[in-house]
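What follows is a single structure, written as C-alpha cells, with notes after it.
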Amino acid sequence: MTRRAAASLNKSLTGFLAHEDPEKLLSLFAAKVRQCRGLGSVDFACALRECRGNGKRWPLVPEIHAKAITCGLGGDRIAGNLLIDLYAKKGLVQRARHVFEQLSARDNVSWVAMLSGYAKNGLGEEAVGLYHQMHRSGVVPTPYVLSSVLSACTKAALFEQGRLVHVQVYKQGLCSETVVGNALIALYLRFRSFSLAERVFSEMPYCDRVTFNTLISRHAQCGNGESALEIFEEMRLSGWTPDCVTIASLLVACASTGDLNKGKQLHSYLLKAGMSPDYIIEGSLLDLYVKCGDIVDALKIFKSGDRTNVVLWNLMLVAYGQVSDLAKSFDLFCQMVAAGVRPNQFTYPCLLRTCTYAGEINLGEQIHSLSIKTGFESDMYVSGVLIDMYSKYGWLDKAQRILEILEAKDVVSWTSMIAGYVQHEFCKEALETFKDMQLFGIWPDNIGLASAISACAGIKAMRQGLQIHSRVYVSGYSADVSIWNALVNLYARCGRSKEAFSLFEAVEHKDKITWNGLVSGFAQSGLYEEALEVFIKMYQAGVKYNVFTFVSSISASANLADIKQGKQIHATVTKTGYTSETEVANALISLYGKCGSIEDAKMQFFEMPERNDVSWNTIITSCSQHGRGLEALDLFDQMKQEGLKPNDVTFIGVLAACSHVGLVEEGLGYFESMSSEHGIHPRPDHYACVVDILGRAGQLDRARKFVEEMPVSANAMVWRTLLSACRVHKNIEIGELAAKCLLELEPHDSASYVLLSNAYAVTGKWAYRDHVRKMMKDRGVRKEPGRSWIEVKNVVHAFFVGDWLHPLAHQIYKYLADLDDRLTKIGYIQGNYFLFQEKEKEQKDPTAFVHSEKLAVAFGLMSLPPSMPLRVIKNLRVCNDCHTWMKFTSEVMRREIVLRDVYRFHHFNNGNCSCGDFW
Numbered sequence: 001m002t003r004r005a006a007a008s009l010n011k012s013l014t015g016f017l018a019h020e021d022p023e024k025l026l027s028l029f030a031a032k033v034r035q036c037r038g039l040g041s042v043d044f045a046c047a048l049r050e051c052r053g054n055g056k057r058w059p060l061v062p063e064i065h066a067k068a069i070t071c072g073l074g075g076d077r078i079a080g081n082l083l084i085d086l087y088a089k090k091g092l093v094q095r096a097r098h099v100f101e102q103l104s105a106r107d108n109v110s111w112v113a114m115l116s117g118y119a120k121n122g123l124g125e126e127a128v129g130l131y132h133q134m135h136r137s138g139v140v141p142t143p144y145v146l147s148s149v150l151s152a153c154t155k156a157a158l159f160e161q162g163r164l165v166h167v168q169v170y171k172q173g174l175c176s177e178t179v180v181g182n183a184l185i186a187l188y189l190r191f192r193s194f195s196l197a198e199r200v201f202s203e204m205p206y207c208d209r210v211t212f213n214t215l216i217s218r219h220a221q222c223g224n225g226e227s228a229l230e231i232f233e234e235m236r237l238s239g240w241t242p243d244c245v246t247i248a249s250l251l252v253a254c255a256s257t258g259d260l261n262k263g264k265q266l267h268s269y270l271l272k273a274g275m276s277p278d279y280i281i282e283g284s285l286l287d288l289y290v291k292c293g294d295i296v297d298a299l300k301i302f303k304s305g306d307r308t309n310v311v312l313w314n315l316m317l318v319a320y321g322q323v324s325d326l327a328k329s330f331d332l333f334c335q336m337v338a339a340g341v342r343p344n345q346f347t348y349p350c351l352l353r354t355c356t357y358a359g360e361i362n363l364g365e366q367i368h369s370l371s372i373k374t375g376f377e378s379d380m381y382v383s384g385v386l387i388d389m390y391s392k393y394g395w396l397d398k399a400q401r402i403l404e405i406l407e408a409k410d411v412v413s414w415t416s417m418i419a420g421y422v423q424h425e426f427c428k429e430a431l432e433t434f435k436d437m438q439l440f441g442i443w444p445d446n447i448g449l450a451s452a453i454s455a456c457a458g459i460k461a462m463r464q465g466l467q468i469h470s471r472v473y474v475s476g477y478s479a480d481v482s483i484w485n486a487l488v489n490l491y492a493r494c495g496r497s498k499e500a501f502s503l504f505e506a507v508e509h510k511d512k513i514t515w516n517g518l519v520s521g522f523a524q525s526g527l528y529e530e531a532l533e534v535f536i537k538m539y540q541a542g543v544k545y546n547v548f549t550f551v552s553s554i555s556a557s558a559n560l561a562d563i564k565q566g567k568q569i570h571a572t573v574t575k576t577g578y579t580s581e582t583e584v585a586n587a588l589i590s591l592y593g594k595c596g597s598i599e600d601a602k603m604q605f606f607e608m609p610e611r612n613d614v615s616w617n618t619i620i621t622s623c624s625q626h627g628r629g630l631e632a633l634d635l636f637d638q639m640k641q642e643g644l645k646p647n648d649v650t651f652i653g654v655l656a657a658c659s660h661v662g663l664v665e666e667g668l669g670y671f672e673s674m675s676s677e678h679g680i681h682p683r684p685d686h687y688a689c690v691v692d693i694l695g696r697a698g699q700l701d702r703a704r705k706f707v708e709e710m711p712v713s714a715n716a717m718v719w720r721t722l723l724s725a726c727r728v729h730k731n732i733e734i735g736e737l738a739a740k741c742l743l744e745l746e747p748h749d750s751a752s753y754v755l756l757s758n759a760y761a762v763t764g765k766w767a768y769r770d771h772v773r774k775m776m777k778d779r780g781v782r783k784e785p786g787r788s789w790i791e792v793k794n795v796v797h798a799f800f801v802g803d804w805l806h807p808l809a810h811q812i813y814k815y816l817a818d819l820d821d822r823l824t825k826i827g828y829i830q831g832n833y834f835l836f837q838e839k840e841k842e843q844k845d846p847t848a849f850v851h852s853e854k855l856a857v858a859f860g861l862m863s864l865p866p867s868m869p870l871r872v873i874k875n876l877r878v879c880n881d882c883h884t885w886m887k888f889t890s891e892v893m894r895r896e897i898v899l900r901d902v903y904r905f906h907h908f909n910n911g912n913c914s915c916g917d918f919w
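Read in the numbering used here, the sequence shown has 33 at position 33, and its numbers run on one by one without any break.
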C-alpha cells in the first residue's frame, strides 16, 4: 500500500504542478502527504525536481522541505542536494548552507551545489573557504567542483586564490578536463592575463564551443577585436559552428576595431543561418552600427528590433550623442517614455554625455533633476557621468558634492573628479582627491594615474610625482602611453631635462601628445631653448604640428625674445593653416608684444576672425608695456562694446596703462569700477598697480595712505612698488617705512636692499647706505647683477656692468668713448655717479660705471646694419642716465633702439622715448 500510495502521489503531484495557483498546489500536496506514511527520499526528490525552473512553483519548495523534515528526511542527501541548489538559485544562500550542514552524508554533488551557489551569488571568499574545508575533509574534488570554485574566484576578483586552485589542478592531473580549462581561461581573461589564458588554451586536448566563446567574448570586451576575430577563424577550423553567443561577441569585436564590413558579413551570416536574433544579438548589432557611425542602418536595426528592449533605446541615444545631435536625442527620449519603456541607469548617462559634448550644461542639470525624481541619482554609473559633466565645465563644487554623497564610489567617479580638478588647474585639490580615493580602498586606473601625474606637473610637485611614478610599475600600467606622456611632461615642467628626454626616448610609439608634452613642459619650466630644440626635432621626425605645438613653441620664442625664431614659426603656422586658431593668434600677439614689435602685435590682433578675452587682455597689456597707454584704454572700451566681460587680468593691463602715462584719477576710477561695476574683487597685484600709479606721479603720501587703508594686508609687491617710487622721488621717510615692512616679509630678497641703499645714496645719506650694504653682507644676501642681451648674427651676446669679458671689449669701449664725446657735444651729461661718493669715484676705473645696456647698444651699433633696429633686453629697471643716454644716441646715430627692461618696453627714436620719460 505504501509503495502504491507513493507512486500515486508522484503521479498526482506531477499533474498538480501543472496548475497555476500555488495555494491550491500546497493544499493538494499536504493532503496527499497525509494519506501516505512511508514516503522516502526519492519521493521528495521527485517533487523538488518538478519545482525547478518555474517561479510560480517556488512556494512549494519550503513546504516540501518542511514535510521532509517532519518525515525524518531533513538530512537526506538526495533531497538535500536539490534543496541546496533551489535555495542558492533563489539567493537564499544561508538556507542552502543550513541544509548543507544538516546533511548526514555529503557527496560531490553536495559540494558542487554549495560551491556553485556561492559563486552565482558573488560570494567568492565563502566559496574558496568551502573548497578548503572540502580539501581538509579528504574529499577528492571532481572537475565540476574545481570549475565551480574557479568561477567563484573569477566573479569575486580573487586572482591569487584562483592561481592557488590552478596549482591544485596541476597536482591532481585535471588540466585536460575541458570544464576546468574553460574556468581557468575565464579566470585569467578576467584579470587580463592573456598570456596565461593562451597557455591554458594551447595545453587543452579538447576544446568545446564554450572554450572558444569565452576567449572570443573576453578579447572583444577588452578591445582586442583583431584577436577575437583570429580565434573565431581557429574555431571554424576546429569544426565548431558559431552560435548566438559567438556572433554577439564577434559583433562586439568588430565594433571595437571599427570593422563595419566584417560586421556586415556576420549580420548576413546570422540571417542566412536562420538564427533568431535575441535581445543580446539585437543589442550587439545596433552597437556595431552605432560605433561605426552608420546612423542610417542603426536606425533600421532599431526600428525592426524589440521596441520594449531598453538597451536598444539607450544605444540609439548613444548614436545621436556621437554626432552631438541633442534635438534628436531628446526627441527619441520622449518617444521612449511615450512607448512606456522605463529608463534605466544607462539611459540618463547617454543623455548627459550628449549634453556634455554639446556644451549644454544647463540642460544637463535638468536631466540631473529628472534622474533624482526617478531614483537614479545614487546610482554609481549615473553619478559618475554627472561628476564628469559638471567637472568638465568647471562646476567643481557641484561635482564634489555628488561624489561626497555617493555611497558606492567606484574608480570612474574618483577619476572624473580628479581629471576635472586638473583640467581647471586645481592641482592641489586633485592630489588630495587622489589620496582620498586610495584611503577609500580604490586602486587607481591608468586615467587616474595619468591625471594625478598631470596634477603634480601643474604645481611642480616632483616628490609626489616620483611616488606616483613608482606606483605605475606596481599597478601594471608601465606600458600605458597616456601615463608615459604625463610623465614626460612632469619631468620637463619640473626642469629635469635629462630624465624627460630619457623617458621620451623610451616611449616606443610616440604620438603628438608625447611630443607636445615635452615641448610644453620645457616651455613652462623656463627651458625655452630646449623647447625649441624639440620643436625642430618634431619637424625632422615628420610629426605634424597642431595647435598645442605652435602655442608652446611661440611662447618659448616670446620668452627668449627671439623674434627671428618666432617669425619662422609664424611662417609655418601660415603654411599649415593654423592662423585662424584663436589660441595660436593669441600666442603670436604675445610674441610680438614681448619682442618689441607692437605694430606686428596689433596687426595680428586686428586680423583675427574671432577674439576671446585672452586676445583682448594680451593686446591691452602689450600696448601698456610699450608706453601706449591711451591706445590700451581705447582697446578696453572696444572690448566692452563688443560684449566681452573684462576679468582680473584685463584690469592689470588697464591699471598699468594708466600708470605708464600718468593718468592718476582715471586709474583710480578704473580700480573702483572693478568691484562696483564688474563684480571683481581686487587681488594684491591690482593694489600694487594703484600704488604704482600714485607713486610714479609723486603722490607718495596718498600712496602710503592707500596702502594703510587696504582691506587686505599689503604683500611684498605692494611695499616694493612704494619703495621704488620713494627712491625715484627721494622720499626717505616713507621709503624707510616701506623697506621695514618689505624686509620683514622677504628678508633675503636682494632687490629690497638695493632699492633702500639707492634711496639713501640719492639723498646723500652715505652712512645709512653703507649700513644697508653691511646688513646685506651679514645676512648672506647677494645683489643680482645687472645684465643685458643683444642678438647679432644669430648669436646672443650678454654684458654685465663694466664688462671686459667680451672678445671685442676694447673695440666696444673705444666706440663707446667716441660716441659719448659726440653725445656730450649736443648736451648729454653723464648722471650715474649719484650712487657713489667722490672718494669712491676717484678710486674706481671709469669703465666700472658703464652699465650693461650701454655696452649692448654700442656693440649693436658696431655690428648691425644701419637699417636694422637694435633690440636689447635688460634684467633690471633701466636707470635715468642710461635712459637719457639712449635718447641722445637714437638722435645722433639715427637708429631705432628698443629696450625691454623688467617693467616695460622703451622705444627710442629721434631723441624721444615711447614712455614720455614717465617710467
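All C-beta atoms, glycine included, are put in the ideal place defined by N, C-alpha and C. As the structure is a prediction and not an experimental result, all values here were calculated from the model.
query, result
"For the candidate residues Val310, Leu103 and Arg904, whose alpha-carbon lies nearest to that of Leu280?", "The displayed chain sequence assigns Ile, not Leu, to residue 280. For Ile280, the nearest C-alpha among the options comes from Val310."
"Within 10 angstroms of its Cβ, does Gly364 collect 16 or more other Cβ (buried), or is it exposed?", "buried"
"Any beta carbon from chain B within less than 8 Å of Glu432's own beta carbon?", "Considering every chain present, this structure includes no chain B. It has just one protein chain."
"Do His797 and Trp789 count as a contact pair if the criterion is CB distance below 8 Å?", "yes"
"Between which two residues does the alpha helix (DSSP H) harbouring Phe330 extend?", "Leu326 to Ala338"
"With DSSP run on the structure shown, which of helix, strand or coil describes Cys915?", "coil"
"Report yes or no: do the stretch 637-650 and the stretch 661-672 share at least 3 C-beta pairs separated by less than 8 Å?", "no"
"Per the DSSP calculation, Asn909 is bridged to which residue(s)?", "Asn912"
"Out of Pro785, Asn794, Ser750 and Gly786, state which residue places its alpha-carbon closest to the alpha-carbon of Arg773.", "Ser750"
"Exposed or buried, what is Lys510 when buried is set at 16 or more other beta-carbons lying within 10 Å of its beta-carbon?", "buried"
"How far does the beta strand (DSSP E) with Lys874 in it extend, from its first residue to its last?", "Leu870 to Lys874"
"Check Ala817 in the structure and name its three-state DSSP category.", "helix"
"Restricting to Cα atoms, I'd like to know which of Val109, Ala479 and Ala157 is closest to Val139.", "Val109"
"Measuring CB atoms only, is the stretch 74-87 touching the stretch 99-117, in the sense that at least three cross pairs come out at less than 8 Å?", "yes"
"Figure out for me which residue from Asn586, Leu560 and Gln540 has the closest Cα to the Cα of Phe550.", "Asn586"
"Just how far apart, CA to CA, sit Lys841 and Leu591?", "Per-residue confidence for Lys841 stands at a pLDDT of 46, beneath the threshold of 50, marking its modelled position as unreliable; the derived number appears in the next sentence. Looking at the two C-alpha atoms, the distance is approximately 42 Å."
"Spatial neighbours of Phe908 within its chain, please: CB distance less than 6 Å, with the 5 preceding and 5 following residues excluded, ordered by chain position.", "Met886, Lys887, Ser890 and Ile897"
"Following the continuous beta strand (DSSP E) through Ala273, name the residue where it begins and the one where it ends.", "Here Ala273 belongs to no beta strand (DSSP E), and DSSP marks it neither H nor E."
"Which residues in the same chain as Ala186 place their Cβ atom closer than 8 Å to its Cβ, once the five residues preceding and following it in sequence are excluded?", "Leu150, Ser151, Thr154, Thr214 and Arg218"
"For Leu805, does the three-state DSSP call read helix, strand or coil?", "coil"
"Where Leu633 and His660 are concerned, what is the direct C-alpha to C-alpha distance, given to the nearest angstrom?", "12 Å"
"Please go through the same chain and pick out, in chain order, the residues whose beta-carbon is closer than 6 Å to the beta-carbon of Val245, but skip the five residues on each side of it.", "Asn213"
"Ordered along the chain, which non-local residues of its own chain (more than five positions away) have a Cβ less than 6 Å from that of Asn715?", "Pro684"
"At what residue ranges does the stretch 350-409 contain a whole run of the alpha helix (DSSP H), taking only runs of 4 or more?", "361-373, 380-392 and 396-405"
"By the three-class DSSP mapping on this structure, what secondary structure does Leu82 have?", "helix"
"When the Cα of Ile459 is compared with those of Gly91, Tyr903, Glu407 and Arg493, which residue comes out closest?", "Arg493"
"Between which two residues does the alpha helix (DSSP H) harbouring Phe550 extend?", "Val547 to Leu560"
"Using the Cα positions of Gly802 and Arg720, report the straight-line distance between them to the nearest angstrom.", "27 Å"
"Could you give the uninterrupted runs of the alpha helix (DSSP H) lying entirely in the stretch 236-290, keeping only those of 4 residues or more?", "244-257 and 260-272"
"So, with DSSP's three-state summary, where would you put Ile468?", "helix"
"Of the residues Asp410, Ala408 and Val385, which one's Cα is nearest the Cα of Lys398?", "Val385"
"Check whether the stretch 220-238 and the stretch 268-276 touch, using three or more Cβ-Cβ pairs below 8 Å as the test.", "no"
"Taking its Cβ as the centre, do 16 or more other Cβ atoms sit within 10 Å of His267, making it buried, or is it exposed?", "buried"
"What's the C-alpha gap between Leu819 and Leu861?", "10 Å"
"Per DSSP, which one or two residues make a beta bridge with Arg900?", "Ile873 and Phe905"
"Kindly identify the DSSP beta-bridge partner or partners of Val924.", "Coverage of the chain is limited to positions 1 through 919, which leaves residue 924 absent and any answer about it impossible."
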